[in-house]
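Chemist: Following this message is one structure expressed as structure tokens.
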Amino acid sequence: MSRLNGAQMVVLESKNYAIGVMGRSGSTNMIKLLTGSNSRKPWQRDFSYFNERLHKEKYVVIRNPLDRWKSAKNSGVPLDEFHALPWLSEIGWSDVSGIIPFEDISNYIGERKHYRKIDIQTAHSRFAPPLGLLDSEMIYYKMYRRHIPVLTPNKFMEIKKEWDY
Numbered sequence: 003m004s005r006l007n008g009a010q011m012v013v014l015e016s017k018n019y020a021i022g023v024m025g026r027s028g029s030t031n032m033i034k035l036l037t038g039s040n041s042r043k044p045w046q047r048d049f050s051y052f053n054e055r056l057h058k059e060k061y062v063v064i065r066n067p068l069d070r071w072k073s074a075k076n077s078g079v080p081l082d083e084f085h086a087l088p089w090l091s092e093i094g095w096s097d098v099s100g101i102i103p104f105e106d107i108s109n110y111i112g113e114r115k116h117y118r119k120i121d122i123q124t125a126h127s128r129f130a131p132p133l134g135l136l137d138s139e140m141i142y143y144k145m146y147r148r149h150i151p152v153l154t155p156n157k158f159m160e161i162k163k164e165w166d167y
């Protein structure tokens, strides 16, 4: 059972592949690119669906948790499980084939959109998360960035062909 009480992620599926994305990590752009849709609703799934009921080659977009949290805080989006709070411990990583690093997302979506890297020491420091909230999330993030293979943009383009509409 998820500790996030029904929290959901975007799960974009084709016949053979699935890509999981949380809010503030390029989810809207991935939905548009892969499905041609602007709607998030048909793609929202709970973590148990992604982990236990989805038997496809799986990939996850991950973003530095502190940058993600600050992006949500600065956007005015509610600080909920989808847009800001820790979630990396909810993924069954042993079944994930690779990650898409958010900082390289423009290499995958084909746009040269500028996603501002948020400097922890500048004006955003007044939005610091409560002490300890993101500590374990940062540990997970660093571990998965180091140990889970990165899906190459070329392989992503091959996978994307299954979504061509």
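Positions in the sequence shown are counted from 1; adding 2 to them yields my numbering.
Every residue, glycine too, gets a C-beta built ideally from N, C-alpha and C.
1) Where do the ends of the beta strand (DSSP E) carrying residue 11 lie?
2) Short of 7 Å in beta carbon distance, which residues of its chain neighbour residue 18, apart from the five on each side in sequence? Order them along the chain.
3) Give the single residue among 85, 94 and 162 whose Cα lies nearest to the Cα of residue 71.
4) Taking contact to mean 3 or more Cβ pairs, one atom from each stretch, closer than 8 Å, check whether the segment 9 to 28 and the segment 43 to 50 are in contact.
5) For residue 159, count neighbouring Cβ atoms within 10 angstroms of its own Cβ and tell me buried if that reaches 16, exposed if not.
6) Quick one: Cα of residue 100 to Cα of residue 78, how far?
7) Could you tell me the boundaries of the beta strand (DSSP E) in which residue 19 lies?
8) Identify the residues that DSSP records as bridge partners of residue 157: which are they?
9) At what residues does the alpha helix (DSSP H) containing residue 143 begin and finish?
10) Among 138, 55, 25 and 33, which has the Cα closest to the Cα of residue 166?
Modeler: Looking at the coordinates:
1) 10 to 15
2) 58, 59 and 164
3) 85
4) yes
5) exposed
6) 31 Å
7) 19 to 23
8) Residue 157 pairs with nothing; no bridge assigned.
9) Where residue 143 is concerned, the enclosing alpha helix (DSSP H) starts and stops at 137 to 149.
10) 33
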